Amino acid sequence: MPVVGVPFERIGMDLVGPLERSKTGNRFILVVVDYATRYPEAVPLKTATAPIIAGELVKIFARVGIPGEILTDQGTNVSSRLIAELCRLLHIRTLRTSVYHPQTDGLVERFNGTLKAMLRKFVEEDPSHWDTLLPALLFAIREVPQASTGFSPFELLYGRQPRGILDLLKEEWEAQETWVLGTTHYVLQLRERLQTLGAFARENLERAQAGQERLYNRRARGRKFAPGDRVLLLLPSSESKLLAKWQGPYEVIRRVGPVDYEVRLPGRRKETRIYHINLLKAWKTREAMFIGPSTPESELGPLAGDLPDPGPAVVGSGLDPRQRGQLQQMLGKFSDVLSARPGRTTLMSHHIATDPGKRVTDNHRPLPKKMWDTVRREVETMLEMGVVEESTSEWQSPIV
């Protein structure tokens, strides 16, 4: 956003709330922040209707002047016909932030966070008096120099530092004498000081924005969408406004700015809306997949009793009579090994090391009834082959 050099030429406006009802009945805060000086205004409200907001804006304009531009979000209270008519009569240009992207009005959003954090600190014991603390908190914010401008909002607006609590203590300690300055001399001096402060503030603000842009662009990657592209939108879910999820796909209609796009939302009350590119993600069509029937496999794998009998061995025709005789002799000698059924061997053994005197147990796992017959047939086959035997040992298998 370009740097604004004239105080209250552009302001940001937002509504905070609903908050806990104060003793005077206030539940909302109308926030207005000047982009040039960072000077904030915060007005407590009982209700956030358009007539009340319009009336408070007129009071603020009567103190600081009519702005040239107002930046607001998409809220219905601040985008009503009455507010639009007020801006038309006063020749104020209205700007809208992207839907669900308050970073566009980041200055006001940061001030809202600071103000709410300060209110929480001071109203922990009695939160019903938060509205009475607003003037003091605003004064504290206005007299603190801003990191982006290098000066306090009060000094940039009025050309002097306010007389605060620390100044009272300093005057009491030093017992300084006051002196009177002529009106003409004061006006000329104030005008010169405001021009100097404004130039310094613009220079500091441009330097701060350049530094922030440089840090952001280190990891930023440019993205673009064309009309007709299908995208997903990061929108609040129907279950909670605090939770967001990707929804869509929707169609991009046109590009309305460097980072904003108009998107078609069929079936919504407002079928076209403008969204920031950070809320958009390209929709990728999944490739079609063929799903066909498959033969289910046994949960225990193939049973030994179900293995097919290979039948007599087939001797290749490429062997000579001597080789055929040797092969037949080997097949007869090792027929117990060259078989489809597993057997036993003493060539290898497996030792299980356990602690002496310590009972090793394993919990019996329940066997589904549909597998009882399958397991019974497998156990009978293994008993027949001699690879297992009945046992009452404490180290027995949970199934066998």
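Residue numbers (UniProt numbering): 1 to 400. In this text, a Cβ means the ideal position worked out from N, Cα and C, and glycines have one as well. As the structure is a prediction and not an experimental result, all values here were calculated from the model.
Whole-angstrom C-beta distance between residue j and residue i, which should lie under 8 Å
i	j	result
His129	Lys284	His129 to Lys284, Cβ: 54 Å. No contact.
Arg142	Tyr39	6 Å
Met13	Ile70	6 Å
Arg264	Ile253	5 Å
Pro135	Glu20	At roughly 19 Å, the Cβ-Cβ gap does not stay under 8 Å, so Pro135 and Glu20 are not in contact.
Collapsed DSSP secondary structure at residue i in the structure displayed
i	result
Lys23	coil
His351	coil
Leu107	helix
Lys281	strand
Glu143	coil
Ile60	helix
Gln247	strand
Ala42	strand
Arg255	strand
Asp260	strand
Arg160	coil
Asp34	strand
Leu383	helix
Arg230	strand
Leu138	helix
Leu119	helix
Leu235	strand
Ser80	coil
Thr374	helix
Glu85	helix
Asp167	helix
Asp320	coil
Ser148	coil
Phe154	helix
Thr132	helix
Gly325	helix
Lys358	coil
Pro368	coil
Val388	coil
Gly113	helix
Alpha carbon of residue i to alpha carbon of residue j, nearest angstrom
i	j	result
Arg27	Gly150	34 Å
Pro145	Asp73	27 Å
Glu390	Val337	24 Å
Ala48	Glu262	29 Å
residue 463	Ile11	In the structure displayed, the chain extends from 1 to 400; residue 463 sits before or after that span and is not available.
Val259	Tyr35	21 Å
Pro67	Pro51	19 Å
Pro356	Leu327	50 Å
Leu233	Arg273	11 Å
Gly17	Pro368	58 Å
Arg88	Trp246	37 Å
Val31	Lys224	34 Å
Gly316	Gly332	17 Å
Leu107	Pro266	33 Å
Leu119	Leu137	8 Å
Ala226	Val256	11 Å
Ala62	Ala147	29 Å
Tyr250	Ile29	36 Å
Gly248	Leu15	30 Å
Thr114	Ala140	12 Å
Arg377	Gly318	42 Å
Lys121	Glu41	20 Å
Thr392	Leu383	15 Å
Glu85	Asp167	44 Å
Glu9	Tyr275	26 Å
Glu271	Lys281	19 Å
Lys370	Arg344	30 Å
Arg365	Asp373	17 Å
Leu279	Gln161	42 Å
Gly25	Ile60	22 Å
Ser240	Leu82	Only weak support exists for where Ser240 lies, its pLDDT of 46 falling under 50; the coordinates are left without a value.
Thr37	Val6	8 Å
Val231	Arg110	30 Å
Lys116	Gly65	27 Å
Met385	Val379	10 Å
His350	Arg359	20 Å
Gln329	Ala353	42 Å
Those residues which DSSP pairs with residue i across a bridge
i	result
Glu69	Arg10 and Arg93
Phe28	Leu45
Arg273	Val263
Leu338	Answer is none; Leu338 lacks a bridge partner.
Leu15	Leu30
Min CB distance residue i to chain D below 8 Å
i	result
Glu9	The structure shown has no chain D; it contains just one protein chain.
At least 3 beta-carbon pairs within less than 8 Å: the segment 157 to 166 vs the segment 48 to 63 = no
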